[in-house]
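Chains as they are written, first to last, in our numbering: chain A, 1 to 437; chain B, 438 to 874. A virtual CB, placed ideally from N, CA and C, is assigned to each residue, including glycine.
2 protein chains.
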Amino acid sequence: MERIWTTEVAGQAGQPVRVQGWLHALRRMGGVSFVVVRDGWGLVQAVAEDDAALAPLREAGAGMESVIAVEGQAVTAPQAPGGVEIQQPRITVLVPVSEPPPVSLNKRELRAALATVLDHATVANRHPARRAVLRLAAGVMAGFREALAVRGFTEIQTPKIVAAATESGANVFAIDYFGRPAYLAQSPQFYKQIMVGVFERVFEVGPVFRAEPHDTTRHVNEYVSLDVEMGFIQDHTTVMALLREVLAGILARLEQQYAAELALLGAAKALPVVPPVIPAIHFHEAQELIFRRHGVDVRGEPDLSPQDERWLGAWAQEQHSTDFLFVTGYPMRKRPFYTHPDPARPEYSNSFDLLFRGTELVTGGQRLHRYDDYLAALAAAGLPAAPFASYLETFRHGMPPHGGFAIGSERLLMQLLGLPNVRLATTFPRDLNRLTP
Amino acid sequence: MERIWTTEVAGQAGQPVRVQGWLHALRRMGGVSFVVVRDGWGLVQAVAEDDAALAPLREAGAGMESVIAVEGQAVTAPQAPGGVEIQQPRITVLVPVSEPPPVSLNKRELRAALATVLDHATVANRHPARRAVLRLAAGVMAGFREALAVRGFTEIQTPKIVAAATESGANVFAIDYFGRPAYLAQSPQFYKQIMVGVFERVFEVGPVFRAEPHDTTRHVNEYVSLDVEMGFIQDHTTVMALLREVLAGILARLEQQYAAELALLGAAKALPVVPPVIPAIHFHEAQELIFRRHGVDVRGEPDLSPQDERWLGAWAQEQHSTDFLFVTGYPMRKRPFYTHPDPARPEYSNSFDLLFRGTELVTGGQRLHRYDDYLAALAAAGLPAAPFASYLETFRHGMPPHGGFAIGSERLLMQLLGLPNVRLATTFPRDLNRLTP
């Protein structure tokens with residue numbers, strides 16, 4: 001008999017069916033046995049009233065995570081998970097497993113220490129709740145790409161092995177490239193700008209590498225960056241409007257195509273609504289506001305602290321009833337050399353951070369586009385021009401006003417789902433101590 | 438006036454329009470000037486009968502690649518490229534460029550030495566023919582993902598920094614990971630297998646890194662790998678059938694959505710047709726066939742030579758009228774340790790190569806899925822089990838029969854388009870000598 005997916009059993013009520021998957025759970029209640037099969041998409045329970053139906057499991061010594069096939073009759077059963085069960089099951093053991101899994105996979109929540117979950121991620125990722133998170137990660141990427149493709153953006157893939165650090169010599173992983181020093185790309189920043197000269201509108205989904213020795217709940221050393229860059233912008237506000245559309249696109253995708261995963265995680269109602277226009281506050285005004293409301297004089301500071309961001313998030317919720325707030329115009333001195341200044345107030349930049357529930361979610365802005373401005377900016381930053389020769393060639397040959405943003409894919413997912421640690425939004429995280437699995 | 442794309446001008450015939458882009462070409466013929474504007478999507482020509490219209494260019498000293506805006510009247514003009522031109526143009530120079538580009542961008546073909554093209558890829562990629570190739574690369578990725586998504590595959594992103602080499606200690610780039618030795622992933626092979634235990638069907642689009650000191654037209658040291666892995670297969674033939682669908686999906690995507698790029702490259706008619714069933718020949722029979730037809734006794738060789746592959750490609754064309762041929766059952770001794778043997782002839786494997794026009798295009802096969810088989814295979818290969826502990830944990834906890842394949846994205850594009858060098862299918866190639874741009 002042709003195998004069907006567990007998620008298809010409900011549509012076959014009254015018919016004989018065959019499912020394959022892993023032995024997810026086995027429970028006995030009052031002489032009846034419940035055999036739960038997990039395949040790549042869901043779970044289905046088979047109900048055996050005769051203990052003899054379990055004989056193949058016993059004979060093979062097949063415990064949890066054994067690979068099995070179950071044939072039987074699909075029957076509507078309102079009390080069963082998914083509203084359907086398989087009755088009169090005939091079980092075949094394809095690959096028996098006797099050793100119990102390193103973490104229990106068949107409890108509703110994965111109850112194990114974070115280190116245990118991560119050490120055994122190869123198996124722990126099979127837990128339905130873990131799997132739902134990781135499947136949502138695929139949805140984030142798909143929603144991101146789709147929102148951009150319909151707006152004329154072209155996908156690019158740019159080198160991860162680079163000759164020079166993108167923004168500074170710090171925090172890069174060094175590699176030996178056939179005897180020459182090279183580095184892992186901290187971001188595709190330079191390449192996406194270069195490719196604006198080709199396609200005007202580009203995006204990239206790919207790994208970035210940060211050798212930051214941070215051991216926090218928000219940092220990993222390799223993550224998936226969702227990068228966007230576009231040409232012929234007015235200024236950073238064009239980019240902010242695009243970011244709004246991209247976020248709305250990602251959330252719509254999750255809601256439409258990942259309802260089961262969101263429901264399993266209890267996250268469907270927690271997903272934010274992106275307002276038609278995300279409110280924005282200038283950095284300078286944000287500092288004034290904090291001083292007025294909280295009596296803390298942060299004016300003159302070059303950046304916002306996490307506490308400042310939380311206050312601003314609360315203000316956005318109170319004043320605009322939204323989880324989102326743009327802070328614009330960060331001081332130039334804290335932004336990278338390619339940042340475009342505000343023409344009216346050159347000590348401030350045409351940049352922004354997007355705060356989500358009081359925490360930074362996305363950084364972006366307008367970039368310099370004139371060759372002479374780059375030479376001046378590098379000189380002002382005390383950086384030599386030579387390592388940037390290829391990058392600078394782009395600007396010597398005509399570039400329009402342009403800008404973009406980058407979203408850390410795992411961090412976005414962590415924040416949308418309210419996960420306590422970005423590692424839980426990562427398939428196999430890399431951090432200060434963790435290089436496997 | 439709102440700016441429109443050059444590709445939208447034809448739809449606005451009779452209306453005033455505004456385009457923005459790069460000054461792509463400027464030609465004078467009999468008192469009439471033709472100003473060609475290139476934006477991110479195409480070209481459009483503006484026709485100035487009055488030399489005064491060019492004054493803004495002269496005054497700004499604006500040569501090729503200057504960023505300009507042109508307003509005027511869109512007029513149907515059958516003799517113009519695209520069937521439309523902009524008359525009575527008013528030109529504004531946004532960013533003047535006086536230095537000529539390092540390679541000429543406005544000739545139909547990019548006539549420059551390969552090294553020059555690659556050294557100046559930041560600008561050379563703007564050439565319409567280069568750009569068409571790179572846009573088709575986006576189409577390959579999109580077609581790949583779509584073909585898999587509709588078949589229930591989940592996209593994954595797996596680490597590129599790994600603790601151990603995937604298949605052997607050779608040809609890996611070493612990195613310093615916070616003082617510990619680590620490597621760049623040669624492939625996502627282990628991770629995609631592990632994730633079959635989670636999603637059953639997975640794919641990944643991402644960079645892979647090969648420290649092979651090859652200096653050929655077919656090798657680069659970083660490339661984009663299109664990886665697939667699926668569970669609950671019958672054997673390698675299940676994977677071959679899937680690969681057929683994926684290739685057909687990619688080609689359909691290119692034909693449907695990239696007609697302009699294919700036409701520009703003169704490649705539309707050259708694209709292959711994927712037959713409903715791709716013919717297959719066993720490795721053993723392939724060697725016998727070569728001996729019979731060409732008198733060269735390659736029987737006993739553990740692999741096919743490029744000449745052998747060309748002969749087989751010619752045979753497939755002659756016997757089956759197709760560009761595609763599967764060769765199955767490569768000897769186990771030339772395949773990696775995780776390869777599943779042919780149960781009937783254990784010296785041969787359940788693996789395949791797909792030849793396209795006589796050259797290897799894709800490699801794939803069935804993998805081992807039983808823990809004990811892995812221990813035996815590692816021992817037979819003389820490999821210690823310890824570095825593979827996480828990978829092996831997957832198989833200790835139940836894995837179904839599974840297999841997959843990997844396509845080098847740039848190599849696929851090179852072969853589909855008949856490009857002479859894989860570097861020309863790569864945005865910014867990395868090779869023995871090239872680390873920039």
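Environment of residue i [buried if 16+ CB atoms lie within 10 Å]
i: Asp39 (chain A); result: buried
i: Gly703 (chain B); result: exposed
i: Leu805 (chain B); result: buried
i: Pro837 (chain B); result: buried
i: Gln623 (chain B); result: buried
i: Leu184 (chain A); result: buried
i: Ser788 (chain B); result: buried
i: Thr339 (chain A); result: buried
i: Lys192 (chain A); result: buried
i: Gly795 (chain B); result: buried
i: Gly139 (chain A); result: buried
i: His402 (chain A); result: buried
i: Ala113 (chain A); result: exposed
i: Met230 (chain A); result: buried
i: Glu204 (chain A); result: buried
i: Gln852 (chain B); result: buried
i: Arg299 (chain A); result: exposed
i: Met466 (chain B); result: exposed
C-beta atoms of residue i and residue j nearer than 8 Å
i: Ile528 (chain B); j: Ala561 (chain B); result: no
i: Val274 (chain A); j: Arg244 (chain A); result: yes
i: Gln45 (chain A); j: Val36 (chain A); result: yes
i: Leu708 (chain B); j: Leu691 (chain B); result: yes
i: Val591 (chain B); j: Arg126 (chain A); result: It should be pointed out that residue 591 (chain B) corresponds to Thr in this sequence rather than to Val. Result no, Cβ atoms of Thr591 (chain B) and Arg126 (chain A) do not sit closer than 8 Å.
i: Leu850 (chain B); j: Ala574 (chain B); result: yes
i: Val859 (chain B); j: Val657 (chain B); result: yes
i: Leu792 (chain B); j: Leu749 (chain B); result: yes
i: Lys269 (chain A); j: Pro644 (chain B); result: no
i: Ile233 (chain A); j: Val202 (chain A); result: no
i: Thr76 (chain A); j: Val70 (chain A); result: no
i: Gly63 (chain A); j: Ser104 (chain A); result: no
Contact set between residue i and chain C, taken where Cβ atoms lie within less than 8 Å
i: Ala611 (chain B); result: As a matter of chain content, chain C is missing from the structure shown, whose protein chains are A and B.
Strand pairing of residue i, partner residues [DSSP]
i: Glu155 (chain A); result: A:Phe203
i: Thr360 (chain A); result: Position check: residue 360 (chain A) holds Glu in this sequence, whereas Thr was assumed. Answer is A:Leu355, bridged to Glu360 (chain A).
i: Met632 (chain B); result: Note: Met632 (chain B) sits in no beta bridge, so no partner.
i: Tyr660 (chain B); result: B:Val645
i: Ala314 (chain A); result: None, per the DSSP bridge assignment.
i: Ser33 (chain A); result: A:Arg28, A:Ala48
i: Leu762 (chain B); result: B:Leu792
i: Met64 (chain A); result: According to DSSP, which records beta bridges pairwise, Met64 (chain A) is partnered with nothing at all.
i: Met230 (chain A); result: A:Arg201, A:Gly403
i: Thr776 (chain B); result: B:Arg804
i: Glu71 (chain A); result: A:Arg18, A:Arg90
i: Pro302 (chain A); result: Note: Pro302 (chain A) sits in no beta bridge, so no partner.
i: Ser786 (chain B); result: B:Pro778
i: Ala611 (chain B); result: B:Tyr620
Contacts that residue i makes with chain B (C-beta to C-beta distance below 9 Å)
i: Ile156 (chain A); result: Leu571, Ala574, Ala575, Thr864
i: Ala10 (chain A); result: Chain B residues near Ala10 (chain A): none, gap ~16 Å exceeds 9 Å.
i: His219 (chain A); result: Those do not exist, as His219 (chain A) stays about 13 Å from chain B at its closest Cβ, beyond 9 Å.
Within chain B, partners of residue i - CB distance below 8 Å
i: Ala399 (chain A); result: Note on residue identity: the sequence assigns Met, not Ala, to residue 399 (chain A). What Met399 (chain A) touches in chain B: Val504, Val532.
i: His214 (chain A); result: Those do not exist, as His214 (chain A) stays about 11 Å from chain B at its closest Cβ, beyond 8 Å.
i: Arg191 (chain A); result: One detail in the question is off: residue 191 (chain A) reads as Tyr in this sequence, not Arg. Neighbours of Tyr191 (chain A) on chain B, chain order: Thr864, Phe865.
i: Gln20 (chain A); result: Phe669, Pro837
Interface residues of chain A facing residue i [CB-CB closer than 8 Å]
i: Thr776 (chain B); result: Going along chain A, no residue has its Cβ under 8 Å from Thr776 (chain B), so there is no contact; the nearest lies around 18 Å.
Interface partners of residue i on chain B, CB under 7 Å
i: Asn125 (chain A); result: Val635
Heavy atom of the ligand ATP within 7 Å of residue i beta-carbon
i: Glu285 (chain A); result: Ligands in the displayed structure: none, and consequently the ligand ATP is not present.
Neighbouring residues, chain A, relative to residue i (Cβ below 7 Å)
i: Leu812 (chain B); result: Those do not exist, as Leu812 (chain B) stays about 14 Å from chain A at its closest Cβ, beyond 7 Å.
query = When you check each C-beta in the stretch 469–492 of chain B against every C-beta of chain A, which residues fall closer than 8 Å?
reply = Asp476, Gly477, Trp478
task = Could you name the residues of the stretch 356–373 of chain A whose beta carbon sits closer than 7 Å to any beta carbon of chain B, in the order they occur along the chain?
result = His369, Arg370
ask   = Taking any Cβ of chain B, which residues in the stretch 230–251 of chain A have a Cβ under 8 Å from it, in chain order?
value = Gly231, Phe232
ask   = Which residues, in order along the stretch 412–424 of chain A, keep a beta-carbon less than 9 Å from a beta-carbon of chain B?
value = none
Contact list for the stretch 728–758 of chain B against chain A, Cβ threshold 9 Å = none
Interface residues of the stretch 250–266 of chain A facing chain B [CB-CB below 7 Å] = none
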